[in-house]
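**Q** Here's a structure for you.
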Amino acid sequence: MPSDSSDDDIPLARNNHASAPSVSRSTDRAMDKSASKARPAPPGLSIRHGPVDDRMDIDSTPNGTVKRKSRSSIGQAVKYKDDSDSEDAVPLAKRQKSQHKKVDSDSDDVPIARKNGSKLPPSIKETATLESSDDDQPLGTKIAQRKAGIEKAAAKEARAIRADAKTKKPTPKKAIKEESDDEPLAKPKKRQSNGVSSAKKTNGVKKEESDSDAPIAKKGKKAAPAPKKGKATPPDKGGKPVKDESKENSEGEDEEEYRWWDAPKKEDDSVKWTTLEHSGVLFPPEYERLPKNVKLLYDGQPVDLHIEAEEVATFFGSMLHSTQNVENPVFQKNFFADFKDILKKTGGAKDKQGKPVDIKEFKKLDFTKIFDHYKALGDARKARPAAEKKAEKAEKDKAEGHFMFCKWDGRKEKVGNFRVEPPGLFRGRGEHPKTGTVKKRVMPEQVTINIGKDAKVPAPPPGHKWKAVQHDNKATWLAMWQENVNGNYKYVMLAANSTVKGQADFKKFEKARDLKKHIDRIRADYTRELKSEVMADRQRATAMYLIDRFALRAGNEKDTENEAETVGCCSLKFEHVTLREPNTVIFDFLGKDSIRFYNEFSVDRQVFKNLKVFKKSPKEDGDDIFDRLTTSQLNKHLSSYMTGLTAKVFRTYNASWTMSQLLQKLEVEDRTMAEKIKLYNDCNREVAILCNHKRTVGAGHEAQMEKLGDRIKGLKYQKWRTKMMMLDLDPKLKKKKGAEFFELDSDLDQAWVEEHQQFLAKELQEKIEKKFAKDNEKLEADKQAKLPAKELKERLKAVAELEAKFKKENKTKKVEAEGKGPSVEKLTTAVEKLDERIRTLEMQSADREGNKEVALGTSKINYIDPRLTVVFSNKFQVPIEKFFSKTLRDKFNWAIQSVGDDDTWEF
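Numbering (full-length UniProt numbering), first residue to last: 1 to 907.
Set out below in structure tokens:
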């Protein structure tokens, strides 16, 4: 590909330490001669993920964080934001409670217990992955070889697609499936009915042949997928959908699903809607003052505050449990600065006598009484009867009901975030410099409403007015305002399962599919330009290599006075990259959302040499590595290969193409359900590793693993007791099966057994007490007399009996057979079921341990085409619920429905 750079396109360096405009061949040769004779690691490999040590051959000092110097760029910088709807768009605080719930369903949470079939779930060794195989080949070599093979397959596919395009033939895939009446969907025959053409219609519109670049074979695979319950109506003999008149004429019923993926493509894609109606936004409730006996203390003395200052004090006081925030010095500093500003504006603090109190030191503030007050309120809310909670929820749902949906071109669509965020303290993600800053209450006067011209404008709260009302049908947001912390604009958008969001996802994955037609030429071009004598071309080629091979984000310009000091590939600084001979590159910087990106990669030798040139003296900390490249220039170059191609498309393409290749090579036939799910999850894990989707080990990981280990031990103990019951019924079994069969598992010892027995007794006690409380709660709701305390005492006798039984078993080493009509056959079956549960949990444990540093959800939700998962589900009869949670099934409904029962679709 010819270079599209010119001297005019080269940005000015951020200081005088600029790279030379060209690179001589002698420079490359000199570096080759000085290179270490150490054996290079395979290129394209992530070596490790953790703290960097000090043993660096080139840059001996550890990476630091230096304030970025200003950089002037040619042209307007492209706003680069990853278009994910789930993980990346959710605040870290929410992600980690939910990832971050965490988005939905991670593969760790997928139940893998066997439902059908006689086989036990596979052992860890039977479904070994790259990480766990027994050969002596290093993991890094295996991953690099696998990745190289996938890239080779991608190049072959791209050449085949272009060759077919030249001969005007569709890409050879599977045979085109035909409809039941022998009509190919790609060229439907026309039938006459009452003189009107009855060619197949979708959504009431005649479906035309698409002029898109998608292969005809893909389009004509099959008719519309089988109708879902309550959604679609079976077609008549002429191929037209039969309208359900009762539904059409009744208001309030669920509307027929709008199958936009079957509708003809719009001529003007920029117009998003024709008519739009909605109810605006829901504001948080007004602040309620603290009781008179609850005060903020300063230097041990209670102080009176203006209502605005008191509200800000409650922001900090109510979150004392969040130690990672309130003990953060930056968080404290930012909060205290804003708190003092509020005090100054509202008249300051006063003591009991009304005299002014000068609040100067943060450490003298005591928020304990405020925290205790809100904790008591929270505990009281949790302790309320179920009926009261249910009534409150129903009332809340009723109040929010009309905000939850809008009318978009006459269709009912769900609104995603109709609630205005309440005031509080900004937390941010990672090491955000503004953490602890006060987020002010958003007023209606700050909110702009976007709505149809003929629609009724929603009324603002009494006594207020909207900032503006507009009718922009090229925008997909319903309302917008600017927040005070970072000056960012917040938008009310449709929900993840809406038509607009689904179409955006569809376009994203289709664009990634288009990239496979060009990927070989792009890679060949940037590989050649890695040795270009033009510095700008060499920097661009090196950046493209890093973005393609290691999923680095492109990066953008930042206003460092108002934004976090985050970088991407094009904005990397001297101190963010450390080089170690012969081909190891260590990256250490704050990436998107202030999350630290630390990784060591082995790269092609030429890339290593290039980075060495880009860091050449007199460059120093604070200087740009890619000082002759901007994101906008990179994306402009990429668009010369394919319309709309940007750096971020590579992340989606690499994840989806890799997943597609891995799934095609699986041997899934004659596997149990658990084995099929495990194999799919292994592919997902490999995608995450190959695409470098890593995460920090969760704070609760070790505790979770310990808890899971105790569950496994508990089942092993239960299995031992069951075997001992068999021996109680038939002592001769010891000779038949051998004494080893009845021995206690090697993982267990007597001390653990006695501790577990205490746990079981306590668990039974808690269960009885909860049941007693629930029975009384129900009686109270029915206005009947509560159960007496002696009833609870009577029920708790079961606990004492269990403790006595355990004590006897420990002493005699015998276990009496339990249950109704116990028999050796029944107990043998019970042992087999316990074995099955143990192996399933052991596999889950191995999965979780292997996933602790791998973000499976990132790949599955944002980067792997969901149609690949649907096809796998169809082909091997695995319920889609095993892979997608309810939230993800709603989000990817377009993929589930458009693929239907087809198992031949390919990325």
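Heads up, the beta-carbon is just placed ideally off N, CA and C, and yes, glycines get one too.
How about G430 and R596: are their beta carbons less than 8 Å apart?
**A** As a first step, residue 430 must be located in the sequence shown, where it is residue number 430. As a first step, residue 596 must be located in the sequence shown, where it is residue number 596. Yes. Within cutoff.
**Q** Where does R671 sit, in a helix, a strand or coil, going by DSSP?
**A** Here residue 671 refers to the residue found at position 671 when the sequence shown is read from its first residue. Note: R671 maps to coil in three-state DSSP.
**Q** Based on the DSSP output, what are the partners of N599 in its beta bridges?
**A** Stepping through the sequence shown from its first residue, residue 599 is reached at position 599. F587, per the DSSP bridge assignment.
**Q** Hey, which unbroken runs of the alpha helix (DSSP H) at 4 residues or more fall wholly within the stretch 319-388?
**A** Whole alpha helix (DSSP H) segments, 4+ residues: 323-326, 329-345, 368-382.
**Q** Please list the terminal residues of the continuous beta strand (DSSP E) segment that includes E413.
**A** If you number the sequence shown from 1, residue 413 lands on position 413. Looking at the DSSP string, the run of the beta strand (DSSP E) that includes E413 is 411-414.
**Q** From the DSSP output, in three-state form, read off I864 for me.
**A** As a working note, residue 864 is residue 864 in the sequence shown. DSSP places I864 in coil when its eight states are reduced to three.
**Q** Is the beta carbon of A154 less than 8 Å from the beta carbon of W657?
**A** Reading the sequence shown from its first residue, position 154 is the one you call residue 154. Reading the sequence shown from its first residue, position 657 is the one you call residue 657. For A154 and W657, yes; Cβs fall inside 8 Å.
**Q** If you scan the stretch 740-786 from start to end, which runs of the alpha helix (DSSP H) of 4 or more residues do you find wholly inside it?
**A** Entirely contained in the stretch 740-786, the alpha helix (DSSP H) runs reaching 4 residues are, in chain order, 750-781.
**Q** Using the Cα positions of G622 and S571, report the straight-line distance between them to the nearest angstrom.
**A** What you label residue 622 is simply residue 622 of the sequence shown in a count that begins at 1. What you label residue 571 is simply residue 571 of the sequence shown in a count that begins at 1. Each residue's Cα considered, the two are about 11 Å apart.
**Q** Kindly confirm or deny that the stretch 448-468 and the stretch 265-275 touch, where touching means at least three C-beta pairs closer than 8 Å.
**A** Touching, per the Cβ criterion.
**Q** Is it the case that the Cβ atoms of P582 and R605 are separated by a distance below 8 Å?
**A** Start at 1 with the first residue of the sequence shown, and residue 582 comes out as number 582. Start at 1 with the first residue of the sequence shown, and residue 605 comes out as number 605. Result yes, Cβ atoms of P582 and R605 sit closer than 8 Å.
**Q** Mind checking which residues open and close the beta strand (DSSP E) that includes R259?
**A** Position 259 of the sequence shown, counting from 1, holds the residue named residue 259. That residue, R259, is in no beta strand (DSSP E); it is neither H nor E in DSSP.
**Q** Thinking just about the alpha-carbon of each residue, which of M535, V312, F283 is nearest to the one in V442?
**A** Numbered from its first residue, the sequence shown carries residue 442 at position 442. Of the candidates M535, V312, F283, the one whose C-alpha sits nearest the C-alpha of V442 is F283.
**Q** Kindly provide the ranges of any beta strand (DSSP E) runs that are 3 or more residues long and lie completely inside the stretch 448-476, ordered along the chain.
**A** You should have 448-450, 468-470.
**Q** Secondary structure at W905, three-state DSSP: helix, strand or coil?
**A** For this step, residue 905 is matched to residue 905 along the sequence shown. Coil at W905, not helix or strand.
**Q** Around the Cβ of residue 917, are there at least 16 other Cβ atoms within 10 angstroms (buried) or fewer (exposed)?
**A** Nothing can be reported for residue 917, as the shown portion of the chain is limited to 1 through 907.
**Q** What is the rounded straight-line gap between the Cα of L662 and the Cα of K813?
**A** Within the sequence shown, residue 662 is the residue found at index 662, counting from 1. Within the sequence shown, residue 813 is the residue found at index 813, counting from 1. Their Cα atoms are separated by approximately 51 Å.
**Q** According to DSSP, simplified to helix, strand and coil, what is E809?
**A** The residue given as residue 809 occupies position 809 in the sequence shown. If DSSP states are grouped into helix, strand and coil, E809 belongs with the helices.
**Q** With burial defined as no fewer than 16 other Cβ atoms inside 10 Å of the residue's Cβ, what is the status of V271: buried or exposed?
**A** Residue mapping note: residue 271 aligns to position 271 of the sequence shown, counting from 1. Flag for V271 reads exposed.
**Q** Here's the rule I'm using: 16 or more other beta-carbon atoms within 10 Å means buried, otherwise exposed. How should D317 be labelled?
**A** In the sequence shown, counting from the first residue as 1, residue 317 sits at position 317. The sequence as given places Gly at residue 317; Asp does not occur at that position. G317 should be labelled buried.
**Q** Would you call the stretch 644-654 and the stretch 503-512 in contact, with 3 or more CB pairs under 8 Å?
**A** With the cut-off at 8 Å, the stretch 644-654 and the stretch 503-512 touch.
**Q** Report yes or no: do the stretch 748-756 and the stretch 833-850 share at least 3 C-beta pairs separated by less than 8 Å?
**A** No: fewer than three Cβ pairs fall under 8 Å.
**Q** Since R580 is in the beta strand (DSSP E), which residue starts that stretch and which ends it?
**A** Along the sequence shown, read from residue 1 onward, the residue named residue 580 stands at position 580. Residues 577-580.
**Q** Less than 8 Å between the C-beta atoms of V500 and V415, yes or no?
**A** Sequence index remark: in the sequence shown, residue 500 carries index 500 (1-based). Sequence index remark: in the sequence shown, residue 415 carries index 415 (1-based). Cβ distance not < 8 Å, so V500 and V415 don't count as in contact.
**Q** Find the nearest neighbour of A781 within the set R384, I359, V824, D351, judged by alpha-carbon distance.
**A** As a position in the sequence shown, residue 781 is number 781, starting the count at 1. Cα-wise, what sits closest to A781 is R384.
**Q** Can you tell me whether DSSP reads K891 as helix, strand or coil?
**A** For the purposes of this step, residue 891 is taken as the residue at position 891 of the sequence shown. Residue state, collapsed to three classes: helix.
**Q** Quick check: H518 and Y653, are their CB atoms within less than 8 Å of each other?
**A** If you number the sequence shown from 1, residue 518 lands on position 518. If you number the sequence shown from 1, residue 653 lands on position 653. Contact flag unset, no.
**Q** For my contact list, W477 and P444 are in at a C-beta cut-off of 8 Å; report their separation, rounded to the angstrom.
**A** Locating residue 477 in the sequence shown gives position 477, counting from the first residue. Locating residue 444 in the sequence shown gives position 444, counting from the first residue. 17 Å between Cβ atoms; not a contact.
**Q** Using three-state DSSP, classify S898 as helix, strand or coil.
**A** Sequence index remark: in the sequence shown, residue 898 carries index 898 (1-based). The answer is helix: DSSP assigns S898 an H, G or I state.
**Q** State yes or no: is the C-beta of A387 nearer than 7 Å to some heavy atom of the ligand HEM?
**A** Among the components of this structure there are no ligands whatsoever, and the ligand HEM is therefore not found.
**Q** My output table needs one value for residue 965: the three-state DSSP class, helix, strand or coil.
**A** Missing from the structure shown is residue 965; the chain here goes from 1 to 907 and no further.
**Q** Work out the CA separation of L841 and P215 for me, nearest whole Å.
**A** Here residue 215 refers to the residue found at position 215 of the sequence shown. Here residue 841 refers to the residue found at position 841 of the sequence shown. Confidence in P215 is poor, its pLDDT being 39 and thus under 50, which makes the residue's placement too unreliable to answer from.
**Q** With DSSP run on the structure shown, which of helix, strand or coil describes K156?
**A** Along the sequence shown, read from residue 1 onward, the residue named residue 156 stands at position 156. Here K156 sits in helix by DSSP.
**Q** According to DSSP, S270 sits in a beta bridge with which residue or residues?
**A** Start at 1 with the first residue of the sequence shown, and residue 270 comes out as number 270. Looking at the DSSP assignment, S270 forms no beta bridge with any residue, so it has no partner.
**Q** Helix, strand or coil for F872? Go by DSSP, reduced to three states.
**A** By one-based count along the sequence shown, residue 872 stands at place 872. Helix, per DSSP.
**Q** Along the chain, where does the beta strand (DSSP E) containing Q877 start, and where does it finish?
**A** Taking the first residue of the sequence shown as position 1, residue 877 is located at position 877. It is not in any beta strand (DSSP E) - Q877 carries neither H nor E in the DSSP assignment.
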